[in-house]
Each structure stands twice: as C-alpha cells, then as structure tokens.
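A.B. asks:
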Amino acid sequence: MNAAHLLNWTLLIPLLAVVGIVLCSRWENLRETASLGAAAILFAVVCTLYGNLRDGVELAVHWIEILPGLAISFRVDTMGMVFALIASSLWFVTVLYAIGYMRGHDEQNQTRFYACFAVAISAVMGIAFAENLFTLFVFYEVLSLCTYPLVTHAGNEKAKNGGRIYLGILLGTSIALFLPAIIGTWMLSGTLDFTPGGVFPEGTSPVLLSVLLVLFAFGIGKAALMPFHRWLPAAMVAPTPVSALLHAVAVVKAGVFSVVKVVVFIFGIDTVADLPVTSWLVYLAGASILLASLVAMRQDNFKSRLAYSTVSQLGYITLGAFMASQAAIVGSMLHITMHAFGKITLFFCAGAVYVAHHKSEISQLDGMGRVMPVTFIAFTLGALSIIGLPPLGGVWSKWFLMMGALDSGYLIMLAVLSISSLLNIVYLLEIPARAFLRPAPAGASLQEARPSSVVAMVITTLMCIALFIYGSDLYEFIRSARLV
Amino acid sequence: MLSHLPILQVILPLLGAPACLILWRPRIAWAFSFFISALAFIISGLLLKQVWQGGEIVYALGGWEAPWGIEYRIDLLNAFLLLIVSGLSTVVLAGARQSVAREIPAEKQTLFYVAWLLCLAGQLGILATGDAFNVFVFLEISSLSTYTLISLSRQREALWAAFQYLIVGTIGATFVLIGIGLMYMMTGTLNMADLAQRLPEVADTRTVFAAYAFIIVGVCLKLALFPLHAWLPNAYTFAPSVVTAFLAATATKVAVYLLIRFSFTVFGKDFSTFDVPLHSIFIGLGLIAVFSASTVAIMQRNIKRAIAYSSVAQIGYMIIGLGLGSVLGLQATLLHLFNHALMKGALFMAMVAMMLRIGGITVDDIAGLGKRMPVTALAFVTGGLSLIGVPLTVGFVSKWYLVSAAFSQGMWLVALLVVLGSLLAVMYIWRLVEIMYFRESPEQAPRGEAPLTVLLPLLLLVLGNIYFGIDTRLPVSVTEAAASSLLVEAYQGVQVGGAK
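Line by line, the protein sequences are chains A and B. With positions in the first sequence counted from 1, the corresponding number in the working numbering is that position plus 22. With positions in the second sequence counted from 1, the corresponding number in the working numbering is that position plus 123.
#1: List the residues of chain B that phenylalanine 250(A) touches, going by C-beta distances under 7 angstroms, in chain order.
#2: For glutamate 17(A), count neighbouring Cβ atoms within 10 angstroms of its own Cβ and tell me buried if that reaches 16, exposed if not.
#3: By DSSP's criteria, tyrosine 270(B) is part of a beta bridge. Which residues make up the other side?
#4: On the premise that alanine 371(B) lies in contact with tyrosine 359(B), defined as a C-beta separation below 8 angstroms, what is that separation, rounded to the nearest angstrom?
#5: So which residues on chain A does alanine 538(B) lean against when the C-beta distance must stay under 8 angstroms?
#6: Spatial neighbours of alanine 466(A) within its chain, please: CB distance less than 6 angstroms, with the 5 preceding and 5 following residues excluded, ordered by chain position.
#7: Looking at the structure shown, is arginine 53(A) part of a helix, part of a strand, or coil, going by DSSP?
#8: Please state whether DSSP places glutamate 383(A) in a helix, a strand or coil.
#9: Is it the case that the Cβ atoms of arginine 596(B) and arginine 495(B) are separated by a distance below 7 angstroms?
#10: If we call anything under 7 angstroms between Cβ atoms a contact, is valine 259(A) one with lysine 180(A)?
#11: Beta-carbon of isoleucine 242(A) versus every beta-carbon of chain B: anything under 7 angstroms?
#12: Could you list which residues in chain A have their beta carbon closer than 7 angstroms to that of leucine 515(B), in chain order?
#13: From the beta carbon of methionine 209(A), is the nearest beta carbon of chain B less than 7 angstroms away?
#14: Is it true that the stretch 498-512 of chain B meets the stretch 440-451 of chain B, where meeting means three or more beta-carbon pairs spaced less than 8 angstroms apart?
#15: Considering just the uninterrupted stretch of the alpha helix (DSSP H) at tryptophan 208(A), what are its terminal residues?
#16: Would you say the stretch 206-222 of chain B touches the stretch 177-187 of chain B, given that touching needs at least three Cβ pairs under 8 angstroms?
#17: Under the DSSP definition of a beta bridge, which residues are partnered with valine 20(A)?
#18: If you follow the alpha helix (DSSP H) that valine 160(A) is in, where does it begin and where does it stop?
#19: Mind checking the stretch 583-594 of chain B against chain A and listing, in chain order, the residues whose C-beta falls within less than 9 angstroms of any C-beta there?
#20: When the Cβ atoms of the stretch 483-491 of chain A are set against those of the stretch 268-277 of chain A, are three or more pairs found closer than 8 angstroms?
#21: What residues of chain A sit near leucine 457(B), judged by a beta carbon separation below 8 angstroms?
#22: Give the straight-line distance between the Cα atoms of threonine 189(B) and glycine 292(B), rounded to the nearest whole angstrom.
#23: Might you give, ordered along the chain, the residues of its own chain that have their beta carbon closer than 6 angstroms to the beta carbon of glycine 17(A), omitting 5 neighbours on each side?
#24: Quick one: give me the first and last residue of the beta strand (DSSP E) that valine 181(B) is part of.
#25: Spell out the partners DSSP gives aspartate 215(A) in its beta bridges.
#26: Measure the beta-carbon distance from phenylalanine 591(B) to valine 513(B) and round it to whole angstroms, keeping in mind my assumption that it falls under 8 angstroms.
#27: Could you work out which residues of chain A lie near leucine 543(B), taking near to mean beta carbons separated by less than 8 angstroms?
#28: May I ask which residues mark the beginning and end of the alpha helix (DSSP H) holding glutamate 452(A)?
#29: Tell me whether asparagine 131(A) sits in a helix, a strand or coil according to DSSP, three-state version.
#30: Chain A partners of leucine 546(B), CB-CB under 9 angstroms?
#31: Distance check for glycine 253(B) and leucine 457(B), CA to CA, integer angstroms please.
#32: Secondary structure at leucine 89(A), three-state DSSP: helix, strand or coil?
#33: Which residues in the same chain as valine 282(A) place their Cβ atom closer than 6 angstroms to its Cβ, once the five residues preceding and following it in sequence are excluded?
#34: For threonine 252(B), name the three-state secondary structure that DSSP assigns.
#35: Identify, in the order they occur along the chain, each residue of the same chain with its Cβ nearer than 6 angstroms to the Cβ of phenylalanine 363(A), setting aside the five sequence neighbours on each side.
#36: Have a look at leucine 171(B) and glycine 409(B) and give me their C-alpha separation to the nearest angstrom.
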C-alpha cells in the first residue's frame, strides 16, 4: 500500500474502532478487544509512517476543500509524528488501564466511554498531522466536543457543572479568540498552510501580528495558559483513564502542540522573537508555571493536585514556544513527550488508589505505600521525571528549556524553572513520602488495583526511564525538524 | 415546456390549493400537496440549472411584454431562494402528516394543506416575479395563508398570536404597498427592471425617499428585524409544529430576499447608501438583535420560543452581512439564508418529533429526552451545534464568511461582536442539551422515537447541515455569483441612469 494512504488510516482506524465498539456493546470482552486491537494497529501504522518519514518519503493526503483555498489535508512532519507516536502508544496503554479501572469501578455506559475515547484519538491524529491551521482547528473543535461526554460521564450534578466549565471555556475561547485569529491570519496572508518561517508577508504591521499572537495564545484554550486554565481542574470529574490520557496527554498536548505549530509555522520563530508582545507572553507563561504550582500545593484532592501540576507543566511548553529559539522549541517538543509519560503514570496511580481503596484525598494516603507498593514506586518515578531528575526522561526537556531561556536571553526564566522544580518536589514528593513513611492503616494488607491497570502503569514508568536512556535519539529526531 | 418553468413554479401550487380542497380526505390531501411541493422543488432545481448555465431568464406572462404585462425574472438570487423555499417545504411536508393529524382538528386538516400550498405559492411568487405590484399581491397571499396556518392550531393562544401577526403583517404589507404606489407615481412603471432604470432620474425627490423608507420598514416588519420582531416569537411558539418548521425555514428568508431585491436591484446600491447611513443602521440593529434576542432565548422555558428568539438573532446576522454592503458581506447573508434554513428546519423538525411523542415542548417535557428519544435528541444537538457554528456544519461556513467580510472592511469590532454573539448561542443551546441529557425524565414520561415518516425528514435535514458544511460547492459558488452580479448590476443601474 502506498505510504501516504496509511495517513488516512490513522484517522480512520479509531473511527472504525467506534463501529466495532458500538456493535459489540453487549459483549464486554469483545468490545475491549476492538479498542485494544485498534490501538495496536494504529500504533503500528504510526510507526510505519515514522519509518517512511525517516526515509524521507513525502507523506501527504488531501481530503476535501471545504471553502475555496481552505482544505482538510494532512502531512506528516517531525513534530506531528512525535505527538502522534505519544498519543497512539498511550492509547493502547490507557485502554489496558481503563479495562481494569472501569470494570473495577462498575461504571455505567462503558460503550459510550470507549466509543468517545476512540473518536477523541481520531481527532488527535487529525491535529497531529494537520497540514494547515484550518484542518487543525476543525479537529481541535471535534476534540472539544467528543470529550464532553467523557468529562460528564458520571451524569450527576457535579459532572454537569464540570462539563459546563470545560466546554464553556474550550468552546468559548476557540470561537471568540482562536477563530478570529485564524480568519485574521487568512485575510492578512491568504494562506493557512503551515510553512517553516511563517506565512505573513514582509512588512505586516507588528501591532497586528502582536494582536494575532495574543489571540492565538489565549484562544488555544487547551494549552491552559492562565487565566484560561479553569477547565482543566473542572475536567477532573471524568473517570481517571480520561483524566490520564486526555487531560494529561491528548487534549492538553493538542493545545500546546497547536501553540508550538502556530509559533513556528504560522508566525515563524524569528518573527515571534522580535514582536514586542512576546516578552509579555513569556512572563505570563512563567507566572502561569509558578502560580499553578502554588495552587497545586494547596490541593488535597489527588486529581486536583495533578491537574494544577499539569497547568504548571503546560506553562513550560508554552514558555518554550514563546521564547522562540531553536533550543526552546526543541525543549518544548521534548517536554510534550516527557510530561506525557510522566503525568499519565501519576494519573494511573491516582486512579488505582481510588478504584482499589476509594481514597481520593492526599491526606488519606498515609502508609498506602505498603499496601500498593508497585503503584507508589511507579508514582515516585513518574514524579521524579516530572521534577526533572536523572535517570528519568524529564531531565532532558528541562535541560533544553533552560538552554532555550539562555539563548533567548530570558535569564529570569532560569530562576522560574528552578523554583518550579523545587515546588514540584514539594507537592509531588509529598505523596510518596506520606505513602511510604507514615504508618500504614491498621489491618491493611497488600492490595493493588486490577492486573491490567498495574501492567499499564509499569509500562509507562519504564517508558520514563527509557526516555532518559534514549533521550538523545529523540532529541536528534526532533532537531531534524525544519523550523525556518 | 422548459421555457415555461418560471410560471409553472408559481402556478402549480397556486392551482394545487383549490384542487386539494376537492380531494377533501386529509390523507389524500397530504399526499397531493406533498406531490405538488416536490414538483415545485424539481422545477426550482431545473430553474437554478438553467440560470446557472444560461443566465437570467425573463418570462413575459401571457406573452405580454414587460411594460404592459407582468414579467417574471429569474436570476441566480431568486433561483437559489426558490430552491431553498420549495426544498424545505417539501421536506417538512413529508414529515407533516402525523403531526398534523395530532395537532389539528380533523375537519380542518384539509384546509391546512390548502393554506400550506397557498402559502408556498405566495412565497414562490414573491421570489419569481419581476413586478413590484405583483410582489405585494403574493405577499398578501402568503401572509393571509400564514395567519390561517397559525390559527389552525388547537392551542387557544394561537388565535391571539395569529391576530398579532395579522395586525403587524398588514401594516407591513400596507407600507410596502404605499412605497410601491409612490414609486409608480414618480416613474409610471411597476416593473422592477424599469424602476431600476428610471428611479435614478428622480432619486433626489422626497417622494422616492419616502417610497424607499416605506418599503424598507414594511419589509423589515415582515422579516422581524429588531425592534420590529415582537410578533415572531408568539407566532412561532403557538403555531402547529410543522408550520413553525416551515415558516422558520422559509418566511423570513423571503423577506430578506425582498430587502435585498429592493435595496440592490430596484433602488441600486448607491441610492441606499448615499444619504441615509442605512448600512450602519443595519449593522447596529443586527448586532442588537443578535445580543438581545440570544439573551432572551437563554431564559425561555418553552424551547420552541427559545429557538424562535434564536431566529430573531440569526436574522440579525443576515442583516449585518447586508449592512456590510460588500460582495463578501452579501455573500455571507445569502449563505446564511441557505444555512439557516437547514439549521432551523432541523431544529424545528426535531420539535415536531418531540411534540408528536411527548405532547409538550417546555423544558420539563424534554427532561431526560436523551434517553427517551436518543435519535431525536441527537438530531437536536447536531442542529444546535450547527447554529453555534461548529466546523463541519453549515453554521461554520456562514460565520466564516461573515467574520471575513467584517475583517476585510476593517470592522474588527463588528467581527468580534459577531463571534461573541455565537457564544450566546452556545449558552442557549447547551442549556437545552443539559436538560435533555442530565435531568431525570418525569415519571411515566412517554418513551420511544417518532415514526419513521417524521424521523427520515429530520435526519435528512440534519445530514444536510453536515453535508453542506463539508461539501460547500453548491451554496458557495451560487451565492458568490449571485452576490457579485447583484452588486455589479446595481452599479450598472446607476450608470445607465446617469447617462440619460
């Protein structure tokens, strides 16, 4: 088969999985096999595409021109490939985890859950491989909408309110800021194709460009840049597999990925570096990092703390994008990867504790390390990766972000990144410290979550270590992207 | 035969109406009127094809040439609208039988179909004719039959709503008539093309200004432009469900057409922009309509009324496009005419299905509908998403063009307000979504979907919302050509007048 055709299948396989999931809704095992099978095939397809990309094969498909000059079309590039590899590999792991979680928790409407999940993955593939901003926007909106039923899965008042904030902010920012920014770009440059070095003609007024950049920065609400971050904690009402894959990886990474794409391929990093407004955005991202960390420290709810930690970590990626130097962009893309594997591990652990022992608050975790040793060892390693300590992958991304800060001359951001690491240590390591050092609850015996969930978190933990060892390969691959 | 299509388009439903009366049995009357409407739809399709390939069609009624006889003129603009009106009438009519059987007393059902065909004939007539007085005649035909259609509902409030509409509609029609009379006085002709040529000579007179003012206000009453919209929510709320679906998808579109026709063809673009800042007024009123009506829609208990207010808001968008006065703006308006017909057709058709099964349409009735009528609820949500303007639906196409048009004229604020307005749509749609999916169904609430005859037209409309949101070639190319020819034509009209 022609390699470019495989690109179509990255979107179609998850959609076909939806059909399989719905048809098999009565037979649980068959239904989950459909999800797992599709995830495995998707990962294989993405890997094949990766091979083709390394060989320098041109991989592009054109679907349909919706409006004159505005087409739904896809092209594989380095950045998109990184994102697609993360999302497709973690889809498989998350389904594995979800089987244990959803059954262990006797959740309702599991068919709808798996179906919406698959649609979300399809949308993520669309975002990863979008050839132009228009395509990206279309799938961005699809992703907001198809994750709404997942966020409100519980169907109670709390879920309804969470869903309202979730959709209100994501849809609101995308309609009121992102869309006008896209249309403005279209009117100014006449194209929305992602072009290394940017699309705007020479001599476009810097004021106009600044306005557009700000619109993009806030309009891409999924990047959770403060003050538009509230949807992320609100989304924590969702079942944990959703929080893990979508609200630590797929959805939020789609947001920051879009920001990086816009900075590099719509504006061009040189243009962004010269805009007067950029430094403000850099400071805002820095503030977002620190403030979210401070808020995270005050959260007792396990998932809320992780959510604010995610807001803070997303700030790193946005920061890297706005610092707009080669090293910073590479740092951002690395951090997308490292944070994905680290944070999904943490969420897996939070979910495992909840489903096995119904503990959702951090203050309840005293001594749990002896009850769930695997879970908390995984948590510790994941947390170390996010903090950025060797021998875990997180160290590389922080390294390059700091390099980027030096390159771009934002020395103060070095301080921000260092302080943030310290804050990470405080609020993340508190959890294993409690779990291992405090006395165990009376009468507690060894009880982990269901095997498939445990396997899932072990896989992601091992990936965090592997990313440390093979960090240079990933770095080389990302660096091969043509930025200007 | 093919050369007589313009008149067949109008005369077929006009003659079908009395024939329907003879048939009498409601079932047969329904089948017959559906058949007539479908024929009209086919004719309009053929007409659009002819116009697209061969340009404007001029048809002299009874062989009497223009200044003496009445002439029908089909250009891209009205061919496009003929297609919308006859198409929506056909689809809604296809799903109407059971709903009519439930909502309208048995002995009046045949009359209902008669009135429907008359209303259709009136609307098609307004669109097809090239004669200003003829416009008034068809306006009255369609209005009178609309009052009848509304008042046929079993709900007592419908009588009051129809009466209110009757008063306002009559005032509007009278205004239009006065305007036409004044124009006739100044030019001695009623033919639109002639008027377009002769009006510039007398453009500076107060009489022509008065004529223009009367016509614009009269038409704006019919199209429910804020602040002349008060009749619309009542009329839509209390009319039989299928009538609401039909009217919401067609009636206001025809009024917008009249506004475009009179402003751009008859008076000419330059006349309507020179002395009166009409375009700024249109933009201002349109924006107020969007914000006020959307806000009111958020608070309604009756969802039919909520969506009716949404119609007022959507008309606001059309008027904004018109007010921008550029080709792109006009194209946005024309696209939205088409797209809005599809959205509102789908939404009100979903309500036809709800009304048929659960017999009520307040927020209490639809609680938990997502479980009880999953297909209908999903159709409603899709229609709502289209209304919000989510990509891959028709609403997105409209919004894209409207915002682009505002941008290209440097009206950043207008563009921003337009997108903010659609956030209000998110609020009133999502409120209903939450009620349908998160609230518990009332005790012993009826369950199950509406029959297939209702569901199929509904699904057709919903698919139309998605299909034309992805494959936009037909509406985009037709509206683009129509909009540019309208503005160029308007320009030439002034040139010719100036030369004389």
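Even for Gly, the Cβ is constructed at its ideal location relative to N, Cα and C.
C.D. replies: Concretely, from the data shown:
#1: Correct list: empty, because the minimum Cβ distance to chain B is about 14 angstroms.
#2: One cannot answer for residue 17(A) here, as it falls past the ends of chain A, which runs 23 to 506.
#3: According to DSSP, tyrosine 270(B) bridges with nothing at all.
#4: 6 angstroms
#5: Pro202 and Ile205
#6: Val393
#7: helix
#8: strand
#9: no
#10: yes
#11: no
#12: Val160
#13: yes
#14: no
#15: 201-211
#16: no
#17: The shown model of chain A, from 23 to 506, leaves out residue 20(A), and the question about it has no answer.
#18: 155-173
#19: Gly592, Ile593 and Asp594
#20: no
#21: Within 8 angstroms Cβ-Cβ: nothing; leucine 457(B) doesn't reach chain A, min ~15 angstroms.
#22: According to the sequence displayed, residue 189(B) carries alanine and not threonine. Those two C-alpha atoms are separated by around 29 angstroms.
#23: Residue 17(A) cannot be examined here, being either before or after the span of chain A that is shown, 23 to 506.
#24: 180-183
#25: Asn154(A)
#26: Contact flag wrong, Cβ pair sits at about 14 angstroms.
#27: Ala198
#28: 433-459
#29: coil
#30: Gly190, Leu193, Gly194, Ile197 and Ala198
#31: 19 angstroms
#32: strand
#33: Ala343 and Ser354
#34: strand
#35: Thr482, Met485 and Cys486
#36: 30 angstroms
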